[in-house]
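Residue numbers (this note's numbering): 11 to 189. The beta carbon of each residue, even a glycine, is placed where N, CA and C say it ideally should be. The model shown is predicted, which means the values in this text are computed figures rather than measured ones.
Written out as structure tokens, the structure is:
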């Protein structure tokens with residue numbers, strides 16, 4: 011059973027955890043990553059690693075890997091002094107033994123840009139080399155050369171279209187945030 015912050019209903023927390031675990035699972039990301047993001051998203055204060063493990067009842071390994079992925083993608087960040095919602099300022103205590111706290115990234119622009127930067131851009135650069143390799147292999151095939159070259163051409167078209175859509179998506183996400 012999930013434990014929630016005193017001000018947040020357990021039902022709200024559970025729904026956020028379920029929502030985000032379902033969303034990330036569609037993209038082939040472990041459900042626990044979505045659960046962690048959902049818990050962070052529903053929390054009015056940043057959470058410690060131990061809070062996440064305890065509240066989600068997941069292993070330390072799953073929590074560690076999930077937090078690492080979320081931070082790498084820019085979907086979560088480490089804070090050393092959480093803001094106390096009751097006082098509206100930073101707490102002087104840094105948690106047990108000075109450990110870090112985690113909070114979610116809420117900007118859709120930053121979330122999408124993080125995924126693009128960490129996952130899509132590297133894939134696109136290796137994709138160019140793979141397409142060249144596929145074209146070479148298709149050219150060597152005496153029986154199915156035309157068919158295979160047609161498929162490579164289709165992949166190249168998809169790649170060009172994706173290259174057009176990604177900048178448009180970035181623009182649609184709104185103006186850059188100033189911080």
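Take residue i and list the residues in its own chain whose beta-carbon comes closer than 6 Å to its own, dropping the five residues that flank it on each side.
i	result
residue 106	Residue placement at residue 106 cannot be trusted, given a pLDDT of 42 that sits under 50; what the coordinates show is reported in the next sentence. Hits under 6 Å: none found.
residue 13	Reliability of the predicted coordinates at residue 13 is poor, the pLDDT of 47 falling under 50, and the value obtained from them is presented with this limitation in mind. The answer, listed in chain order, is 65.
residue 42	68, 72 and 76
Quick check on the burial criterion: 16 or more other C-beta atoms within 10 angstroms. Buried or exposed for residue i?
i	result
residue 118	exposed
residue 164	exposed
residue 88	exposed
residue 124	buried
residue 154	exposed
residue 60	exposed
residue 157	exposed
Please go through the same chain and pick out, in chain order, the residues whose beta-carbon is closer than 7 Å to the beta-carbon of residue i, but skip the five residues on each side of it.
i	result
residue 71	none
residue 33	44
residue 128	82 and 83
residue 173	none
residue 22	52
Taking the alpha carbon of residue i as the point to measure from, which residue in the options has its own alpha carbon closest?
i	options	result
residue 121	56, 174, 81 and 39	81
residue 74	51, 110 and 52	110
residue 52	67, 28, 38 and 40	28
residue 86	64, 60, 21 and 114	114
residue 159	145, 170, 153 and 49	145
residue 24	130, 65, 139 and 57	65
residue 138	162, 155 and 50	162
residue 40	61, 141 and 78	78
residue 130	152, 151, 116 and 175	175
Look at the alpha carbon of residue i and the alpha carbon of residue j, and state the distance between them as a whole number of angstroms.
i	j	result
residue 167	residue 54	45 Å
residue 149	residue 169	20 Å
residue 46	residue 171	33 Å
residue 31	residue 18	19 Å
residue 126	residue 152	38 Å
residue 177	residue 143	26 Å
residue 36	residue 147	32 Å
residue 56	residue 76	16 Å
residue 38	residue 116	21 Å
Short of 8 Å in beta carbon distance, which residues of its chain neighbour residue i, apart from the five on each side in sequence? Order them along the chain.
i	result
residue 26	48, 49, 51 and 52
residue 10	Because residue 10 is not part of the residues shown, which for the chain are 11 to 189, the question remains open.
residue 69	63
>> Restricting to runs no shorter than 4 residues, where is the alpha helix (DSSP H) found entirely within the stretch 35 to 102?
In response: 41 to 52, 59 to 66 and 70 to 83
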